[in-house]
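Trainee: Right, I'll just put the structure down here and ask away after.
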Amino acid sequence: MKTKYCIGIDIGSTCAKTVVLSQDKSVLLQLLQPTGWSSVDTAEDIRRRLESAGFPIEGGAAVATGYGRVSVPYADKCVTEITCHGRGACHIYGADQLTVIDIGGQDTKIIRIENGAVSDFLMNDKCSAGTGRFLEIMANTLAVRPEELCSMAAEGGGVSISSMCTVFAESEVISLIGRGEKRENIAFAVVDSIVKKVSSQAGRMAGGQGAVCLTGGLCGYPYLRQSLSDALGCEVRTAEDGRYAGAMGAALSALALEKQQSAEK
Amino acid sequence: MSDYVSMWKDLGMDLESHDLLCQVLPTAVGDVFLTQENRPKGMDFWDLVISEVHGIRPKELIEEQKKGRKVFGTFCVYVPDEVILAANGIVTGLCGGSQFWVPGGEAVLPKSTCPLIKASVGARLGRTCPFFRIADMYVGETTCDGKKKAYEILGEDVPMYVMDVPQMKREKDILKWKDEIAAFAQKVEEFTGNTITVEKLNEAIRVINEKRKALARVYNCRKAACLPISGRDALLMMQISFFDDPVRCAQMCNKLADELEQRIADGVSVVPAGTKRILVTGTPLAVPNWKLHNIIETSGGAVVCEEMCTGTRYFENLVDETQTTLEGQFMALSQRYMKTNCACFTPNTGRIDDILRMVKEYQVDGVIDCSLKFCCLYDTEKYGVSRALKEAGVPVLSLETDYADTDAEQLRTRIGAFIELLNG
Chain A
1 MKTKYCIGID IGSTCAKTVV LSQDKSVLLQ LLQPTGWSSV DTAEDIRRRL ESAGFPIEGG
61 AAVATGYGRV SVPYADKCVT EITCHGRGAC HIYGADQLTV IDIGGQDTKI IRIENGAVSD
121 FLMNDKCSAG TGRFLEIMAN TLAVRPEELC SMAAEGGGVS ISSMCTVFAE SEVISLIGRG
181 EKRENIAFAV VDSIVKKVSS QAGRMAGGQG AVCLTGGLCG YPYLRQSLSD ALGCEVRTAE
241 DGRYAGAMGA ALSALALEKQ QSAEK
Chain B
266 MSDYVSMWKD LGMDLESHDL LCQVLPTAVG DVFLTQENRP KGMDFWDLVI SEVHGIRPKE
326 LIEEQKKGRK VFGTFCVYVP DEVILAANGI VTGLCGGSQF WVPGGEAVLP KSTCPLIKAS
386 VGARLGRTCP FFRIADMYVG ETTCDGKKKA YEILGEDVPM YVMDVPQMKR EKDILKWKDE
446 IAAFAQKVEE FTGNTITVEK LNEAIRVINE KRKALARVYN CRKAACLPIS GRDALLMMQI
506 SFFDDPVRCA QMCNKLADEL EQRIADGVSV VPAGTKRILV TGTPLAVPNW KLHNIIETSG
566 GAVVCEEMCT GTRYFENLVD ETQTTLEGQF MALSQRYMKT NCACFTPNTG RIDDILRMVK
626 EYQVDGVIDC SLKFCCLYDT EKYGVSRALK EAGVPVLSLE TDYADTDAEQ LRTRIGAFIE
686 LLNG
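Going line by line, the protein sequences match chains A and B.
So for the first sequence, this note's numbering puts the first residue at 1; every next one is plus one.
So for the second sequence, this note's numbering puts the first residue at 266; every next one is plus one.
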């Protein structure tokens, strides 16, 4: 009987996040793992991990989200990451009026929440400017980890990257390295480029009520949060569980699904 | 479509490349159309036409050419079919809708040209579309800069006549368009060797009006709460109406409308009750571009109307049939065509009024405003369209795409999230 817990699985382009929630919406388990090259294998691995943690798939409703959502054969339903991030952020931040900025591996989403539901959203197009991937590639070029790049950026300044295209921006970074620019300054330029791109997107959704919060893999980087707050002219909130917002939203959808199913029975 | 090989050969087509194009079409038709359940019986006609899209109608056109009739290829709903028909000419729409032709267009055009133009140029220069080979004359128009310049390139390969569409809708612009229609009529007379008389033009006006009324009848059925036809099927009908014989088109559409009206009376719907009703607005969807409709309708939505050139802009408003002089008829034509709200005009608030009206008429839950990449005009209008819809409390999703399938999953996420938003 499916009554004890609900499972949300968010297979993103870089990381897969899993959340198990109890009936009263408290978190029973969180899993984080790289997506790797096969969403199908990742989904199978998650199934095994859930089982060994005492939450077999058969024991609770499961909803999948993220770009790999279609690769989770055991999910009861797929819900888009936009709806899930919205729902998850509402729960994590305990608010029903919110603007959610999710900087993911391959896309950036701005989601407006009114009365606890998604009322509007924007997503970057095919281009990877302003996404986690952009940060990752630039960090690679600078031979540091993404979180190091963000901390270094706090110490830099005075340089900017003009290209929006990741490939061209990378060659700009290489030119900066070539002319002996300090790594901190280049790191600053990289973060600045992401912040400008994201804040111009967010600006298109301006005028909303409630707090602005950041979710996704980059929400644990204090300098990024601070720069984004400065650019938007308002405090951007982050939370420890921010990167689980999508999985949390999926688990909440699973809970709703289960209630709906038991009501039908 | 193997029976038509000799015809294609006679048309000077590149058969090897054309084979590649023909190979992908049946799968696309199967995936998009034939997988649907409970389709109207009347769709059989359009299924047949699309299954032999490079065969059936081209063969008819060639038969007519043998009798001395001229075929005019057009790219815009502003070109008056009536004038061509009055001189015993035949109109065929030429807009390219396949990614297959885009690289051929990019060989001569800037990459940052809209895919419709690139595909159209590629279809001509690559010799892989019979319609582009058959047309004796192309009729262009000045509705956007990309087209204007592309016509110069096409004009080196085929007789080309360009109509100068006004950019504003003042009284003097309507008079100017009347003069353009009169000048075009003269050109058509010269090219066909036939004189356009008041009687012939009135008959042509009547024929095209009947076609518009028939298309409108089908669209009218889509306003019903019980949805008797899918958006995909309605789009296919609309796309094919651009190159079918106008009299047969009206007959087939009326026959389909009979069936749809009966379905409404019997409560037969192609979607479950409560399926969210989507109005699609923006740039045209030329055959075989079914990407947007297919994604919407396989993500839990139903398309109930297209505020597009391949949609309401093609059939709304009729031409006055009571004029007794050519001058009066040209003016009546101008007045009707100038009511079409294309983004090439400034201001173009009429389009927003149309969208808001259609949201009510078609009982729309949400609007998807989609433009082809590099269409500056429709892309810019998204701002005003989405503001007006938000003020009216209507959810709207703005999208930009091209003919390639590479963004299908990204589109699916956005459209899926939009439908989830509508479902609450």
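Note that CB positions come from ideal geometry on N, CA and C, so glycine has one too.
(1) Does DSSP classify Met402 (chain B) as helix, strand or coil?
(2) Give every residue of the same chain whose Cβ lies closer than 8 Å to the Cβ of Lys265 (chain A), excluding the five residues on either side of it in the sequence, and list them in chain order.
(3) Contact criterion: CB-CB distance below 9 Å. Does Phe168 (chain A) meet it with respect to chain B?
(4) Please list, in chain order, the chain B residues whose beta carbon lies closer than 8 Å to that of Val118 (chain A).
(5) Can you tell me whether DSSP reads Gln33 (chain A) as helix, strand or coil?
(6) Can you give me the Cβ contacts of Leu642 (chain B) inside the same chain, cut-off strictly under 7 Å, excluding the 5 residues immediately before and after it?
(7) List, in chain order, every chain A residue whose beta-carbon is nearer than 7 Å to that of Arg547 (chain B).
(8) Should Leu501 (chain B) be counted as a contact of the ligand SAH given a C-beta to heavy atom distance under 8 Å?
(9) Taking 8 Å as the cut-off, does the stretch 378-385 of chain B touch the stretch 412-428 of chain B (at least 3 CB pairs, one atom from each stretch)?
(10) Tell me the DSSP secondary structure of Asp634 (chain B) in three-state form.
(11) Taking contact to mean at least 3 C-beta pairs separated by less than 8 Å, is the stretch 35-52 of chain A in contact with the stretch 268-284 of chain B?
(12) Taking buried to mean at least 16 other C-beta atoms within 10 Å of its own C-beta, is Thr457 (chain B) buried or exposed?
(13) Quick one, are the C-beta atoms of Gly338 (chain B) and Ile399 (chain B) less than 9 Å apart?
(14) If you reduce the DSSP assignment to three classes, tell me which class Met623 (chain B) lands in.
(15) Along chain B, which residues have their Cβ under 8 Å away from the Cβ of Met123 (chain A)?
(16) Rounded to whole angstroms, how far is the Cβ of Ser651 (chain B) from the Cβ of Asp634 (chain B), which I believe are closer than 8 Å?
(17) Would a C-beta distance cut-off of 9 Å place Leu525 (chain B) and Ile620 (chain B) closer than the cut-off?
(18) Specify the secondary structure class of Cys640 (chain B) as computed by DSSP and reduced to three states.
(19) Does DSSP classify Phe337 (chain B) as helix, strand or coil?
(20) What does a CB cutoff of less than 6 Å around Ala450 (chain B) pick up in its chain, not counting 5 residues either side in sequence?
(21) Would you identify the three-state DSSP class for Tyr668 (chain B), choosing helix, strand or coil?
(22) Straight-line CA distance for Glu328 (chain B) to Ala447 (chain B)?
(23) Can you tell me whether Ser200 (chain A) is buried or exposed? The criterion is at least 16 other CB atoms within 10 Å of its CB, across all chains shown.
(24) Can you check whether the C-beta of Glu81 (chain A) is within less than 9 Å of a C-beta belonging to chain B?
(25) Beta-carbon of Asp107 (chain A) versus every beta-carbon of chain B: anything under 9 Å?
(26) So what does Met248 (chain A) bridge to, in DSSP terms?
(27) Given a cut-off of 9 Å, decide if Leu664 (chain B) and Arg679 (chain B) are closer than it, judged by their beta-carbon atoms.
(28) Just the C-alpha distance for Ile137 (chain A) and Thr540 (chain B), rounded to the nearest angstrom, thanks.
(29) Taking the alpha carbon of Thr614 (chain B) as the reference point, which residue from B:Cys518, B:Thr587, B:Ala469 and B:Thr645 has its own alpha carbon closest?
Mentor: Taking the coordinates as given:
(1) In the second sequence, counting from the first residue as 1, residue 402 (chain B) sits at position 137. In this structure, Met402 (chain B) counts as strand in the three-state DSSP scheme.
(2) Mapped onto the first sequence, residue 265 (chain A) falls at position 265. Within the same chain, and ignoring the five residues on either side of Lys265 (chain A) in sequence, no residue has its Cβ closer than 8 Å to its Cβ.
(3) Here the question's residue 168 (chain A) lines up with position 168 in the first sequence. Not an interface residue.
(4) By 1-based counting over the first sequence, the position of residue 118 (chain A) is 118. Ala682, Glu685 and Leu686, listed in chain order.
(5) Locating residue 33 (chain A) in the first sequence gives position 33, counting from the first residue. Gln33 (chain A): strand per DSSP, three-state reduction.
(6) Against the second sequence, residue 642 (chain B) aligns to sequence position 377. For Leu642 (chain B), where only same-chain residues beyond five positions count, the Cβ hits under 7 Å are Cys409, Ala608 and Cys609.
(7) Stepping through the second sequence from its first residue, residue 547 (chain B) is reached at position 282. Arg is not the amino acid found at residue 547 (chain B); the sequence shown has Gly there. The contacting residues do not exist; Gly547 (chain B) stays about 16 Å from chain A at best.
(8) Looking at this structure, you won't find the ligand SAH or any other ligand, since it has none at all.
(9) Yes, they touch.
(10) The residue given as residue 634 (chain B) occupies position 369 in the second sequence. In this structure, DSSP gives Asp634 (chain B) an extended state, which the three-state scheme calls strand.
(11) no
(12) On the second sequence, position 192 is the one that residue 457 (chain B) refers to. Result: buried.
(13) As a first step, residue 338 (chain B) must be located in the second sequence, where it is residue number 73. As a first step, residue 399 (chain B) must be located in the second sequence, where it is residue number 134. Cβ atoms of Gly338 (chain B) and Ile399 (chain B): closer than 9 Å.
(14) Residue numbering aside, residue 623 (chain B) sits at position 358 when the second sequence is read from its first letter. If DSSP states are grouped into helix, strand and coil, Met623 (chain B) belongs with the helices.
(15) On the first sequence, position 123 is the one that residue 123 (chain A) refers to. Going along chain B in sequence order, the residues near Met123 (chain A) (Cβ under 8 Å) are Gln675, Thr678 and Arg679.
(16) Sequence index remark: in the second sequence, residue 651 (chain B) carries index 386 (1-based). Sequence index remark: in the second sequence, residue 634 (chain B) carries index 369 (1-based). Contact flag correct, Cβ pair sits at about 7 Å.
(17) Here residue 525 (chain B) refers to the residue found at position 260 when the second sequence is read from its first residue. Here residue 620 (chain B) refers to the residue found at position 355 when the second sequence is read from its first residue. Not in contact: Leu525 (chain B) and Ile620 (chain B) (Cβ atoms no closer than 9 Å).
(18) For the purposes of this step, residue 640 (chain B) is taken as the residue at position 375 of the second sequence. The answer is coil: DSSP assigns Cys640 (chain B) none of H, G, I, E or B.
(19) Numbered from 1 along the second sequence, position 72 holds the residue referred to as residue 337 (chain B). Secondary structure at Phe337 (chain B): strand, using DSSP grouped into helix, strand and coil.
(20) In the second sequence, the residue the question calls residue 450 (chain B) occupies position 185. The answer, listed in chain order, is Val348 and Ile461.
(21) By 1-based counting over the second sequence, the position of residue 668 (chain B) is 403. Reduced to three states, the DSSP call for Tyr668 (chain B) is coil.
(22) The count along the second sequence starts at 1 and reaches residue 328 (chain B) at position 63. The count along the second sequence starts at 1 and reaches residue 447 (chain B) at position 182. Each residue's Cα considered, the two are about 29 Å apart.
(23) Looking up residue 200 (chain A) in the first sequence gives position 200. Answer is exposed; the Cβ neighbour count stays below 16.
(24) The residue labelled residue 81 (chain A) in the question sits at position 81 within the first sequence. Closer than 9 Å: yes.
(25) In the first sequence, counting from the first residue as 1, residue 107 (chain A) sits at position 107. So, interface residue.
(26) Translated into positions along the first sequence, residue 248 (chain A) becomes position 248. In the DSSP output, where bridge partners are listed per residue, Met248 (chain A) has none listed.
(27) Translated into the one-based positions of the second sequence, residue 679 (chain B) becomes position 414. Translated into the one-based positions of the second sequence, residue 664 (chain B) becomes position 399. Their beta carbons are under 9 Å apart, which means Arg679 (chain B) touches Leu664 (chain B) by this criterion.
(28) Reading the first sequence from its first residue, position 137 is the one you call residue 137 (chain A). Reading the second sequence from its first residue, position 275 is the one you call residue 540 (chain B). Roughly 42 Å separates the two Cα atoms.
(29) What you label residue 614 (chain B) is simply residue 349 of the second sequence in a count that begins at 1. If we check each option's Cα against that of Thr614 (chain B), B:Thr645 comes out closest.
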